[in-house]
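Enquirer:
Residue numbers (this note's numbering), protein chains in the order written: chain A, 15 to 488; chain B, 15 to 488.
Here it is as structure tokens:
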């Protein structure tokens, strides 16, 4: 009788081959069109309609990865990927993910793998120092940090904890109320609207506060809206401020917003999903000004800190509120360590119950690069973006669509939306680079996001050369 | 100037070493105590208080994994891990996770990596055939499947879609109402209560329906409760039935429950998180009887189908309802493929926005084992559990605490709760195996869950010998 299992020796052989394939892939990533040219349904038509009855050799699968999967891949790890936001990865992070899968442990509670919980707490405490975050986010205080999958999930947890604080935990018991009001800016990520819907707040109870000319929230407009809602008998309970909006990396004035939140007893969540790691650089740490007002904060090492997706770091100032919001303790999860109160059980810090050992990849990344190495690359990306912004400014056919103080440059062709959009389309069709767009002040803008692990000056320069060459012809 | 990045050649070298370490780990996993003997804070005290300023060599990290991390690991992949539920992993799945990390793509929308979306849809369609699920879950119909992280997240999505259907999408707009009522059994997983809280339904509006002597929901009690709630002016909207409860793998009568749901227009979600793969075996496929009534369904290949966590497969009969519940479409995500309507954008099928290429590991597992190989192992685990249950029955000191038709045996010492608990404690302290408990009919029961990848008859037999040997002394 065959065991069907892959033996450790077979795993060694196939594992080595796959490691080599990944190294090769990263070495030749620039030979592929950055944006996949696959047509809808193309991959599915190439796959067998039915699953195999008998097992197949691993070599056949790896051949299919090369032949079938790769053409359908958009190469996020290409140094000429300038679309969306970086979702940068690094080899140490890949190794961390491999180790996590190899150990195959569940970290839902401390007892199910103490190292999974403790390494996570430890590394998240390190990051408080590395980024100069408020001391109140450390696990040695009333606060603490946890790894979530994404900033969307962190935002939802923040909305939920805020909802419970505002209602004395009655929403958990009796259901949500329709008179709670949340606030964010017109530029805030869509995840806040999604969280408001999920949490039973309702999108019509989410106020989108106007922004200034830098696309940052106007605190005086926030205060006016809160007053108006109070006067209308509604209950303001939550504000999300953003450090680095998705469209243009605008930075909301957290200090001023925080003072308003404290005055009116609102939960302040600060979303620094992409931009958070900028605070590694002392010259950019002003980013965190006012953060001591925040009840919760998140940033994504899986965006701009070389830690393969998924890895969002979520901090709260008062972990008891979060835990009380999300806790469950069925009989089958009870155990001595939990009962002792001496340990953290991360199951009560997020939506899912099960969780994998994601701290390993973050630990590997921090140890491989060191604080200096990480800081070096963040600083370099910002320098490249500033250089690119300068080129845009100096070319009379183009203009900046927003300030570009970090790693993102929003720009447009002065010929108008049609020309700008056509230009971007042609650039992406070339396969040489990949850019995406947004709208700012109602007008089309191309977003040049510089943050992939292997992006160097030559890639940014080549991108600009392609842009200017095409600008002549559109 | 150093780049700080690990080069492809360094990655080859360290990757090979780590693959070998993982193969070694799995080969020597039986030499460790299954349940970690770490004390709270032990790992943290051994780690440096501050992050390294300069980068460190990978060899140092791997040495620390061996020296510091391993003692804090509870060995879920040990063949003598009989606790909780299986969270079984396999080498092909580990390779799939490695490839996903190596490619480093984002599958939030079709356009950001078409292969990520299409392989997922394809493999989830395969599973409909493999498990004999209703055809209406296939993507060629109005339904479809998606990979979520956990069954908890699937349950939340089901509750949300049900909430919106029941309120004409007004909850998303205006907030949740306090008169919606959800139903589940007293044995249902805690994730449903958590979802009711998150979604603004309120735990007091979740009715726990009584169960019969097999711990399965009593449909007549469900119907009575729905009637009573209707008469009280409330709005019943959601039922969760379970195929394989957490405590004892009880199977709710989905056919009868489904008829009630249809009569009263309630959303029926079916949670088969652990037990779903049993339906691979024709002789166990009765499990799916009545499933054609379900509006949504989920099971976890990461529990009992050798696919490293996280991988929960969530199906809906009407994908439009799910998508309309969770959709967001900010300007920066708009693209031609989405606008064409010809593709699936999975961002609208779950809570997070970003998503990794999890279909790869599921594809590798199915192809490596083939349907025959997977079926063989599921069947074997069930045979081993039945053998164990027979031993329990034949030993006059013990009794079964629940029927054991699948891979879980709940049993107790006839000497009472104290004796049963002490016995389990001593067994776990021995380090030779790991068992957890539950309460059934208010009494303590040990759960013997048989489903780890490498568990064979000798491990189950050794467990029983240890149990009986200790039973003599307690």
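Note that the Cβ used here is the ideal one computed from N, Cα and C, for glycine as well.
(1) Can you tell me which of 66/A, 275/A, 422/A and 307/A puts its alpha carbon nearest to the alpha carbon of residue 387/B?
(2) Does the beta-carbon distance from residue 284/B to residue 264/B come in below 7 Å?
(3) Using beta carbons (cut-off 7 Å, strictly below), is residue 323/B in contact with chain A?
(4) What are the boundary residues of the beta strand (DSSP E) that residue 385/A is part of?
(5) Taking the alpha helix (DSSP H) that residue 134/B belongs to, which residues open and close that run?
(6) Using a cut-off of 8 Å between C-beta atoms, extract the partners of residue 356/A located in chain B.
(7) Tell me where the beta strand (DSSP E) around residue 452/B begins and ends.
(8) If contacts are defined as beta-carbon pairs under 8 Å, then residue 370/B and residue 114/B qualify, I think. What distance do you get, rounded to the angstrom?
(9) Which value, in whole angstroms, describes the spacing of the CA atoms of residue 15/B and residue 319/A?
(10) So is residue 66/B in contact with chain A if we call contact Cβ pairs under 7 Å?
(11) Relative to chain A, which residues along the segment 358-387 of chain B have a C-beta separation below 7 Å, given in chain order?
(12) Do residue 30/B and residue 30/A come within 7 Å of each other at the CB atom, strictly closer than that value?
(13) Taking only beta carbons into account, state which residues of the segment 63-90 of chain B come closer than 9 Å to chain A, listed in chain order.
(14) Just the C-alpha distance for residue 311/A and residue 346/A, rounded to the nearest angstrom, thanks.
(15) Using a Cβ-Cβ cut-off of less than 9 Å, list which residues of the segment 126-138 of chain A approach chain B; keep chain order.
(16) With DSSP collapsed to three states, give me the class of residue 333/B.
(17) For residue 197/B, which residues does DSSP report across the bridge?
(18) Is there a C-beta anywhere in chain B that falls below 7 Å from the one on residue 22/A?
(19) When we look at the beta-carbon of residue 350/B and count the other beta-carbons within 10 Å, is it buried (16 or more) or exposed?
(20) Can you tell me whether residue 41/A is buried or exposed, with buried defined as 16 or more other CB within 10 angstroms of its CB?
(21) Where DSSP assigns a beta bridge to residue 56/B, which residues make up the other side?
(22) Within 10 angstroms of the Cβ of residue 192/A, are there 16 or more other Cβ atoms? Answer buried if so, exposed if not.
(23) Give a yes or no on contact between the segment 38-58 of chain A and the segment 347-367 of chain B, applying the rule of three or more CB pairs nearer than 8 Å.
(24) According to DSSP, which residues form a beta bridge with residue 413/B?
(25) Counting pairs of Cβ atoms below 8 Å between the segment 409-419 of chain A and the segment 449-468 of chain A, do you hit three or more?
(26) Can you grab the Cα-Cα spacing for the pair residue 47/B / residue 437/B, in whole Å?
(27) Could you compute how far the alpha carbon of residue 11/A sits from the alpha carbon of residue 458/A?
(28) Tell me the rounded alpha-carbon separation between residue 44/A and residue 93/A.
(29) Quick one: grab the DSSP three-state call for residue 468/A.
(30) Among residues of its own chain, excluding the 5 on either side of residue 408/B, which ones have a beta-carbon nearer than 6 Å to its beta-carbon?
(31) Can you tell me the Cβ-Cβ gap for residue 474/A and residue 464/A, rounded? I've got them flagged as a contact below 8 Å.
(32) On the DSSP letters alone, give me the boundaries of the beta strand (DSSP E) that residue 342/B sits inside.
(33) So which of 293/B, 339/B and 373/B has the shortest CA-CA distance to residue 389/B?
(34) For the candidate residues 147/B, 205/B, 296/B and 215/B, whose alpha-carbon lies nearest to that of residue 177/B?
(35) Which residues share a DSSP beta bridge with residue 312/A?
Expert: Reading from the atomic positions:
(1) Selected option, being the one with the closest Cα: 66/A.
(2) Not closer than 7 Å, so no.
(3) By this cut-off, residue 323/B is an interface position.
(4) Per DSSP, residue 385/A lies in no beta strand (DSSP E); the unbroken alpha helix (DSSP H) holding it starts and ends at 373-408.
(5) Unbroken alpha helix (DSSP H) run through residue 134/B: 128-145.
(6) Among the residues of chain B, those whose CB is under 8 Å from the CB of residue 356/A are 54 and 55, following chain order.
(7) DSSP places residue 452/B inside the beta strand (DSSP E), whose first and last residues are 450-454.
(8) About 5 Å separates the two Cβ atoms, so the contact holds.
(9) Any reading at residue 15/B must be qualified, since the residue scores a pLDDT of 43, below 50, and its modelled position is unreliable; the value itself is stated next. Taking the straight line from one Cα to the other gives about 20 Å.
(10) For residue 66/B, the answer is yes, since a Cβ of chain A falls inside 7 Å of its Cβ.
(11) Within the segment 358-387 of chain B, the residues whose Cβ lies closer than 7 Å to some Cβ of chain A are 365, 366, 367, 368, 370, 378, 380, 381, 382, 383, 384, 385, 386 and 387, listed in chain order.
(12) In this structure, residue 30/B lies closer than 7 Å to residue 30/A by Cβ.
(13) From the segment 63-90 of chain B, only 63, 64, 65, 66, 67, 68, 69, 70, 71, 72, 74, 75, 76, 78, 79, 82, 83, 84, 85, 86, 87, 88, 89 and 90 have a Cβ closer than 9 Å to chain A.
(14) Rounded to the nearest angstrom, the two C-alpha atoms are 32 Å apart.
(15) Flagged, chain order: 126, 127, 128, 129, 130, 131, 132, 133, 135, 136 and 137.
(16) It is helical.
(17) As computed with DSSP, residue 197/B is found in a beta bridge with 221/B and 253/B.
(18) With its beta carbon less than 7 Å from one in chain B, residue 22/A belongs to the interface.
(19) The residue in question, residue 350/B, is exposed, as its Cβ has fewer than 16 Cβ neighbours within 10 Å.
(20) Exposed, because fewer than 16 other Cβ atoms sit within 10 Å of the Cβ of residue 41/A.
(21) Under DSSP, no beta-bridge partner is assigned to residue 56/B.
(22) Residue 192/A is buried by the Cβ-count criterion.
(23) Remark: three or more beta-carbon pairs, one from each stretch, lie closer than 8 Å, so the segment 38-58 of chain A and the segment 347-367 of chain B are flagged as touching.
(24) DSSP output for residue 413/B lists 426/B as bridge partner(s).
(25) Judged by pairs of C-beta atoms under 8 Å, the segment 409-419 of chain A touches the segment 449-468 of chain A, as three or more such pairs exist.
(26) Distance between the alpha carbons of residue 47/B and residue 437/B: 17 Å.
(27) Past the boundaries of the shown model lies residue 11/A; chain A is included only from 15 to 488, so the question cannot be answered.
(28) Pairing residue 44/A with residue 93/A, the inter-Cα distance amounts to about 7 Å.
(29) In the displayed model, residue 468/A falls within coil according to three-state DSSP, outside both helix and strand.
(30) Cβ neighbours of residue 408/B beyond the five flanking positions: none.
(31) At roughly 6 Å, the Cβ-Cβ gap stays under 8 Å, so residue 474/A and residue 464/A are in contact.
(32) That residue, residue 342/B, is in no beta strand (DSSP E); it is neither H nor E in DSSP.
(33) It is 293/B whose Cα lies nearest to the Cα of residue 389/B.
(34) Residue 177/B has its Cα closest to that of 215/B, out of 147/B, 205/B, 296/B and 215/B.
(35) When DSSP reads this structure, residue 312/A sits in a beta bridge with 285/A and 328/A.
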